[in-house]
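Have a look at the structure below before the remarks.
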Amino acid sequence: MASDIRNAVIDFSRMTASAVAVVSDVVRGGQPLVGFGFNSNGRYAPSGILRERMIPRLLDARPETLQAEDGTNIDPVKCRHVMMTNEKPGGHGERSVAVGTIDMALWDLAAKIEDRPLYRLLADRYNDGRFDPKVEVYAAGGYYYPGKGVDQLRDEIRGYLDMGFEAVKIKIGGAPLEEDVRRIEAVLDVVGGEGRRLAVDANGRFSLSEAIRYAEILGPYRLKWYEEPGDPLDYALHSAVAEVSTVPVATGENLFSTVDARNLIRYGGLRPDRDVLQFDPVLSYGLVEYLGTLEMLARHGWSPRRCVPHGGHPFGLHIAAGLGLGGNEAYPKVFQPFGRFAAGTTLDRGFATLPEAPGIGYERVPGLCDIFRSLVE
Ligand code: MG
């Protein structure tokens, strides 16, 4: 997954990812059904935790501790319980990423066994059968790149609009303030001067005073959102920023559990009518944990429409459609092939349709399907 891009805090020159395949004994068309998963992006491959703890626990478990009651399907909720055997609460580290990676593959497999797309399974189990036939997506890019100036940034953004995106996101905080302002104004020029079509992301870089200064500078541009102004676990900072920011505040991609998310809701001062929650189901123990996070949010008066997951993976697209979230990230030009849509996905005025293939549809993602296939050959 390595590339030369960087945000305000890290570069991706040595970035790695884990990919897993869960092979079942359910045979269709002469082939066993297989679920696929990978660990989103921005966190390194959790290979050791997968190999030493999570995979052996699943392989050693008795079948009934992994299966649905009637024995006809895998149960990701039970599997999660098995994976977390003998794990203390709290901390998380890369453990939540390892569990989330396998969780993605388990849901892919469960939907394939039911022979339908994952979003339909989720809608029926958790959303009274309701789903969104298309999901709002935005193009995350605008990274810092060696030798990249404002002209190249404009070209990149034009490319996203040509693909069918309406809204884009760029990095801030990795250059002097004046340069970031020039970048923001250049992109606004490309998107027709509409602030609601541009989000900015500081990747947790700023101190409290810097974060507030940026909030004040960004205000007049009326942007889509101001993402990760400071350290993701500094709830007092978020509360202070939310108090002054007229631009919606977005955060959550680096919170890895329902309890951490609850602390953000309790103490982060975020506003349920406008701010944006970006918990990434894969980085944070998987969809099983994410369902608990959505329940927690409902108890605190937050709509699932305020959730726009980080990660740009097709898993997030299915979750957004099946559970009625507010949208999903997309990486049309970075983190390839992990950032690609499945073949057959259409993108129109900022909304993506979902593939009707069983499961998540990774067999139809160019390049990614080859990586997954190599795991089972
Ligand atoms: Mg971000």
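Taking my numbering, the leading residue of the sequence shown gets 1, the next gets one more, and so forth. Every residue gets a Cβ at the ideal spot worked out from N, C-alpha and C, and that includes glycine.
Find the nearest neighbour of residue i within the set the options, judged by alpha-carbon distance.
| i | options | result |
| --- | --- | --- |
| Leu-208 | Leu-188, Gly-173, Ala-240 and Arg-80 | Ala-240 |
| Asn-39 | Phe-256, Cys-307, Arg-305 and Gly-327 | Phe-256 |
| Glu-87 | Arg-53, Leu-59 and Ala-211 | Arg-53 |
| Pro-366 | Leu-347, Phe-351, Ser-374 and Gln-336 | Gln-336 |
| Glu-228 | Arg-183, Gly-173 and Arg-182 | Gly-173 |
| Arg-183 | Pro-232, Asp-151 and Arg-262 | Asp-151 |
| Pro-176 | Asp-4, Phe-36 and Ala-8 | Ala-8 |
| Phe-12 | Ala-21, Gly-42 and Val-34 | Gly-42 |
| Asp-231 | Pro-220, Glu-253 and Arg-120 | Glu-253 |
| Ala-202 | Tyr-143, Arg-196, Phe-165 and Asp-155 | Tyr-143 |
| Asp-370 | Arg-6, Asp-4 and Ala-19 | Ala-19 |
| Glu-377 | Val-23, Met-15 and Gly-219 | Val-23 |
| His-92 | Lys-171, Gly-286 and Glu-329 | Gly-286 |
| Val-135 | Ala-330, Arg-364, Leu-368 and Phe-372 | Ala-330 |
| Lys-112 | Gly-35, Ala-186 and Asp-60 | Gly-35 |
| Arg-306 | Trp-225, Leu-325, Asp-108 and Val-77 | Leu-325 |
| Ala-21 | Ile-49, His-300 and Asp-103 | Asp-103 |
| Arg-62 | Val-82, Val-137, Arg-51 and Thr-72 | Val-82 |
| Gln-278 | Pro-133, His-310 and Leu-106 | His-310 |
| Ala-342 | Gly-327, Leu-368 and Leu-66 | Leu-368 |
| Ile-265 | Glu-64, Glu-178, Asp-280 and Met-296 | Met-296 |
| Thr-72 | Gly-327, Leu-33, Arg-349 and Ser-47 | Leu-33 |
| Leu-218 | Asp-280, Glu-185 and Arg-125 | Glu-185 |
From residue i to residue j, what does the alpha carbon distance come to, in whole angstroms?
| i | j | result |
| --- | --- | --- |
| Asp-399 | Thr-251 | This structure leaves residue 399 out entirely; the chain is present only between 1 and 377. |
| Gly-322 | Ile-55 | 28 Å |
| Val-247 | Leu-198 | 11 Å |
| Ile-212 | Lys-148 | 27 Å |
| Val-99 | Thr-85 | 12 Å |
| Val-407 | Gln-31 | The shown model of the chain, from 1 to 377, leaves out residue 407, and the question about it has no answer. |
| Ala-123 | Asp-75 | 16 Å |
| Ser-284 | Val-308 | 14 Å |
| Ser-374 | Leu-347 | 29 Å |
| Asp-180 | Ala-2 | 25 Å |
| Leu-153 | Ala-139 | 13 Å |
| Gly-269 | Tyr-235 | 8 Å |
| Ala-261 | Pro-89 | 15 Å |
| Phe-206 | Ala-68 | 46 Å |
| Val-77 | Glu-216 | 44 Å |
| Arg-271 | His-318 | 26 Å |
| Gly-344 | Glu-363 | 12 Å |
| Tyr-44 | Arg-14 | 9 Å |
| Phe-165 | Ala-320 | 17 Å |
| Ile-49 | Val-244 | 41 Å |
| Trp-225 | Asp-273 | 13 Å |
| Glu-5 | Val-97 | The question names Glu, but residue 5 in the sequence shown is Ile. Answer to the nearest angstrom: the Cα atoms are 22 Å apart. |
| Leu-59 | Thr-101 | 16 Å |
| Pro-146 | Glu-194 | 28 Å |
| Pro-332 | Asn-263 | 32 Å |
Quick one: what does DSSP say residue i is sitting in, helix, strand or coil?
| i | result |
| --- | --- |
| Ile-360 | coil |
| Gly-37 | strand |
| Tyr-285 | coil |
| Asp-273 | coil |
| Ile-170 | strand |
| Arg-262 | helix |
| Ala-342 | coil |
| Leu-233 | coil |
| Ala-199 | strand |
| Gln-425 | No statement about residue 425 is possible, as the shown extent of the chain runs from 1 to 377 and does not include it. |
| Trp-302 | coil |
| Ala-61 | coil |
| Gly-164 | coil |
| Lys-112 | helix |
| Gly-379 | The structure shown has nothing for residue 379, since the chain only spans 1 to 377. |
| Leu-208 | helix |
| Phe-256 | coil |
| Thr-85 | coil |
Could you tell me which residues DSSP puts in a beta bridge with residue i?
| i | result |
| --- | --- |
| Arg-28 | Gln-31 |
| Pro-117 | Gly-359 |
| Val-137 | Asn-328 |
| Ala-250 | Glu-227 and Val-276 |
| Leu-347 | Ala-352 |
| Arg-6 | Asp-11 and Tyr-144 |
| Val-20 | Gly-37 |
| Gln-67 | Ile-74 |
| Cys-307 | Leu-277 |
query = If we count Cβ pairs, one from each stretch, closer than 8 Å, do we get three or more for the segment 115-130 versus the segment 149-169?
reply = no
Cβ pair count under 8 Å reaching 3, the segment 289-308 against the segment 227-242 = no
The segment 359-377 / the segment 111-123 touching (three or more Cβ pairs under 8 Å) = yes
query = With contact counted as at least three CB pairs below 8 Å, one residue from each stretch, are the segment 299-318 and the segment 336-355 in contact?
reply = yes
query = Between the segment 189-198 and the segment 15-28, do three or more beta carbon pairs fall short of 8 Å?
reply = no
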